[in-house]
Amino acid sequence: MAKLPPHAQYPYQICVSGAAKGTTVKYAHNLAEQAGKRIAERGHITLTGSTTGLPDYAAGGAKQVGGVSIGFSPASSRRDHVKSYQLPTKNYDSILCTGFDYTGRDLLLIRSADAVVMIGGRIGTLQEFAVAFEEKTPIGIVAGSGGVSDSIKEVLKAAKRNRHTVLFNDDPAKLVDDLIKILDKKYKE
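When you line the sequence shown up against the working numbering, it's residues 60 to 248, in that order.
Structure (structure tokens):
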């Protein structure tokens, strides 16, 4: 893992948000894996909703290069995470069981993140985007990854809101690097 800059007291926690299932998982799983790898290579922590699909691929990417991944579960216990929700555990160093189902889990996940990488996605990913946007958390959208990610520019235009913290790039590694630059500047001041 990379050495952190002197001003960083701890590694950044970067969330990877994306579809748990559907067509974007089939076509964008490699993008999610690349994002998780790059977060870990840069010495930071990958956060996800500890679900299947793209978030799990991102966590797996982080683990492949010796990184740390933390999942936020909608379940109230590890047993419920596995048995009731039927969610994965293999790619996670730690899973925080929120007990708040998906909606509450999403809020805690995004509020715990220093930045968010959005890949593909469906309605839950859109919810995570909205929370991150309102919280002014830097957001990186992997352009061309399908799902709701490809509609974010239209959402921002319709909402008539400034894109001050929303970046677009089709290369997940470059997107992660750009988000880290923003965080370095933010925390250096």
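C-beta: ideal position from N, C-alpha, C; glycine also.
In the same chain as residue 152, and ignoring 5 residues on each side of it, the C-beta atoms closer than 7 angstroms to its own belong to 127, 128, 129, in chain order. Residue state for residue 131 is assigned as strand, using DSSP reduced to three classes. Counting only the Cα atoms, residue 196 lies some 6 angstroms from residue 173. The DSSP-derived three-state label of residue 82 is helix. For residue 95, the three-state secondary structure derived from DSSP is helix.
Residue 159 and residue 101 have their C-alpha atoms some 31 angstroms from each other. With contacts defined as CB atoms closer than 8 angstroms, residue 81 and residue 220 fail to qualify as a contacting pair. An exposed status is given to residue 69, since fewer than 16 other beta-carbon atoms sit within 10 Å of its beta-carbon.
Under the DSSP assignment, residue 145 falls outside any beta strand (DSSP E); it carries neither an H nor an E label.
The beta carbon of residue 194 lies closer than 8 angstroms to those of 169, 170 in the same chain, with the five residues before and after it left out.
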